[in-house]
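According to the working numbering, the sequence shown is numbered sequentially starting from 509.
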Amino acid sequence: MSPRPKKNIPSQFNMMMVGLTGVGKTAFIRTFLEALQQYYTTSCSHDELGALQPTTQATTMTVTIDSEGDKIVLRLIDTPGLHTGHAMENELNDLLKYIEHQFDLTLTEESKVKRNPKAVDSQIHACLYFIDPSKPQLDTYDIQALTQLSKRVNVIPVISKADTLTLAQLRRLKPAILKSIYNQESTIPLYGIPEDEEVDDNNEDKENQKKASSLSEFLDQFDYEEEEEETQSLLDYLRRIPFGLISYEEDPLTGKPLGTQDSSIKIGRDYGWGTINCLSDKDCDLYSLVGILLHTHREMLKAETTERYYEQYRTEKLLTQRTYAL
509 MSPRPKKNIP SQFNMMMVGL TGVGKTAFIR TFLEALQQYY TTSCSHDELG ALQPTTQATT
569 MTVTIDSEGD KIVLRLIDTP GLHTGHAMEN ELNDLLKYIE HQFDLTLTEE SKVKRNPKAV
629 DSQIHACLYF IDPSKPQLDT YDIQALTQLS KRVNVIPVIS KADTLTLAQL RRLKPAILKS
689 IYNQESTIPL YGIPEDEEVD DNNEDKENQK KASSLSEFLD QFDYEEEEEE TQSLLDYLRR
749 IPFGLISYEE DPLTGKPLGT QDSSIKIGRD YGWGTINCLS DKDCDLYSLV GILLHTHREM
809 LKAETTERYY EQYRTEKLLT QRTYAL
């Protein structure tokens, strides 16, 4: 019997969008999909866009990307906006239950005597958390959401509607956000953020064990050229977060991108002083984010999801079941 040629099995990658209500998650997804069509051969599975409306329930869109023969099935999950106050706790619990349900599907499949070779990986590999650009820093609600979500998923912070900020304002906001995420007192373990290590009181070299006072100080400890490729990718990523994003200007009726005064710009926004190009690194970080999610960090995000978050959840689940059995 002659061997069968190996099929080019598509790689599954699942992303969730989370943020307070009105921060532009849905507008970003539309811009992201348009950007993918500029870079790759794609086929999308979603309803007609129509006018932007508040998201009232989780909505999934799927796009298949062909990148130089490498097929990626990308699933984007849009979620209802979080509300400040007591409602947020319940809303976060709903999101965590959704993420955990995907782990349960994997756990159920792994428990079968005969597994389905065509089972789809539905685990959430990345969660973009959208930050309101009108805030001077993260508030208690952002910190609550980031802390809870980072227990179950790779969280990547992004600043939405970055076109509402001047360059000076954006330069001030990014370090202010990072200061809340990583400082000497505490760390929110988002994707790529170095976690706190226990200091050994018996170790005489305590000075070198001290935590860096800021993420910038932490990054300065590395000799970039001497590091391995994976470490360099993480350093590049940490130097870019949080990503500043700008969504295209949509037709209020169809939701599709409006043309700009500059015909060379495919998706952007016109202002009296000029035109913003959503695909230009000079205007926003969308291009860099696409590259990180779909290329340089895709496999690392998937590995982190399986080896860290799924295994942690699986252990907790099995221990709970064993406790109840006793």
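Just so you know, even glycine gets a beta-carbon here, dropped at the ideal spot from N, CA and C.
{"Query": "According to DSSP, is Phe540 part of a helix, a strand, or is it coil?", "Result": "helix"}
{"Query": "According to DSSP, is Ser788 helix, strand or coil?", "Result": "coil"}
{"Query": "Answer with buried or exposed for Thr587, where buried requires no fewer than 16 other C-beta atoms within 10 angstroms of its C-beta.", "Result": "buried"}
{"Query": "With distance defined between alpha-carbon atoms, name the residue in Val661, Lys687, Leu723 and Arg583 nearest to Thr745.", "Result": "First, the amino acid is wrong: residue 745 is Tyr here, not Thr. Considering only alpha carbons, the answer is Leu723."}
{"Query": "Three or more C-beta pairs under 8 Å: does that hold for the region 655-674 against the region 750-758?", "Result": "yes"}
{"Query": "Between the alpha carbons of Arg840 and Lys626, how many angstroms are there, rounded?", "Result": "Residue coverage of the chain in this structure runs from 509 to 834, which leaves residue 840 outside it and unanswerable."}
{"Query": "If you draw a straight line from the C-alpha of Val707 to the C-alpha of Leu809, how long is it?", "Result": "Residue placement at Val707 is flagged as unreliable, the pLDDT there being 47, under the threshold of 50; a coordinate-derived value is accordingly withheld."}
{"Query": "Can you name, in chain order, every residue of its own chain whose Cβ lies under 6 Å from the Cβ of Thr768, other than the five neighbours on each side?", "Result": "Gly776, Asp778 and Thr783"}
{"Query": "Report all residues from its chain with a CB closer than 7 Å to the CB of Leu615; omit the five preceding and five following residues, and keep chain order.", "Result": "Arg822 and Lys825"}
{"Query": "Looking at Gln820 and the ligand SAH, is the gap between the Cβ and the nearest heavy atom below 6 Å?", "Result": "The ligand SAH is not part of the structure shown, which contains no ligands of any sort."}
{"Query": "Should Ile580 be labelled buried (16 or more other beta-carbon atoms within 10 Å of its own) or exposed?", "Result": "buried"}
{"Query": "Does the beta-carbon of Tyr732 have 16 or more other beta-carbons within 10 angstroms, so that it is buried, or is it exposed?", "Result": "exposed"}
{"Query": "Alpha carbon to alpha carbon, how far is Asp574 from Tyr547?", "Result": "10 Å"}
{"Query": "Cβ of Leu698 within 7 Å of Cβ of Ser741?", "Result": "no"}
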